[in-house]
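Engineer:
Numbering (UniProt numbering), first residue to last: 1 to 148.
Written as structure tokens, this is what we have:
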């Protein structure tokens, strides 16, 4: 299967020119995840990664501005068992947070994982910070609306 080519470039204000950082067909940033989250000089995006079988799985890409390159950050656990749907950052500690839900249609819980240790690409430590059990609380937040 031939996937679309993703080309990334950086702009150098001193030379007033663009330079190609890289090109890939291995992953892409879906439209609703285009806003990156920046922490400690790196920017993170939720992406979809193509498996050799042609299926897509959620992935977390990091762009390191000092090295001018992308790197894959390992997501916790079995990425086929949950859907990651948002990235956020804590206010004071500036920790990266992932919001995820189970792929099981009968389970409506939302997990918030906070990265306690992350240094660019590679592994990160992500204990579950809080679990919201929507079925028992009767609450829900939808994109573009206020929580009830």
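Cβ atoms here follow ideal geometry from the backbone N, Cα and C, with glycine treated the same way.
(1) Pull up the DSSP beta-bridge partners for residue 48, would you.
(2) Can you name, in chain order, every residue of its own chain whose Cβ lies under 7 Å from the Cβ of residue 26, other than the five neighbours on each side?
(3) With DSSP run on the structure shown, which of helix, strand or coil describes residue 11?
(4) Using CA atoms only, rank isn't needed, just tell me which of 112, 13, 92 and 70 is closest to residue 45.
(5) Would you report the Cα separation of residue 13 and residue 67, rounded to the nearest angstrom?
(6) Might you give, ordered along the chain, the residues of its own chain that have their beta carbon closer than 8 Å to the beta carbon of residue 97, omitting 5 neighbours on each side?
(7) For residue 144, count neighbouring Cβ atoms within 10 angstroms of its own Cβ and tell me buried if that reaches 16, exposed if not.
(8) Looking at the secondary structure, which residues open and close the beta strand (DSSP E) in which residue 69 lies?
(9) Please report how far the alpha carbon of residue 7 lies from the alpha carbon of residue 19, in whole angstroms.
(10) In angstroms, rounded to a whole number, what distance separates the CA positions of residue 32 and residue 93?
(11) I believe residue 84 touches residue 75 by the beta-carbon criterion, under 8 Å. Please report the beta-carbon distance rounded to the nearest angstrom.
(12) Within a Cβ cutoff of 7 Å, which residues of the same chain sit near residue 36, ignoring the five residues on either side of it in sequence?
Structural biologist: According to the structure data:
(1) BP columns for residue 48 point to 28 and 58.
(2) Excluding positions up to five away in sequence, the list reads 49 and 50.
(3) Three-state DSSP puts residue 11 in a strand.
(4) Proximity to residue 45 across 112, 13, 92 and 70 peaks at 70, based on C-alpha coordinates.
(5) If you take the alpha carbons of residue 13 and residue 67, they lie about 17 Å apart.
(6) These residues qualify, in order along the chain: 87, 88, 89, 90, 112, 113, 114, 115 and 129.
(7) The pLDDT assigned to residue 144 is 34, lower than 50, so where the model puts this residue is not dependable; a value taken from the coordinates is nonetheless given after this. Exposed: under 16 other Cβ atoms inside 10 Å.
(8) Here the beta strand (DSSP E) through residue 69 covers 69-73.
(9) Distance between the alpha carbons of residue 7 and residue 19: 11 Å.
(10) The alpha-carbon separation between residue 32 and residue 93 amounts to approximately 26 Å.
(11) About 7 Å separates the beta carbon of residue 84 from that of residue 75, a gap short enough to meet the 8 Å contact definition.
(12) 43, 44 and 45, listed in sequence order.
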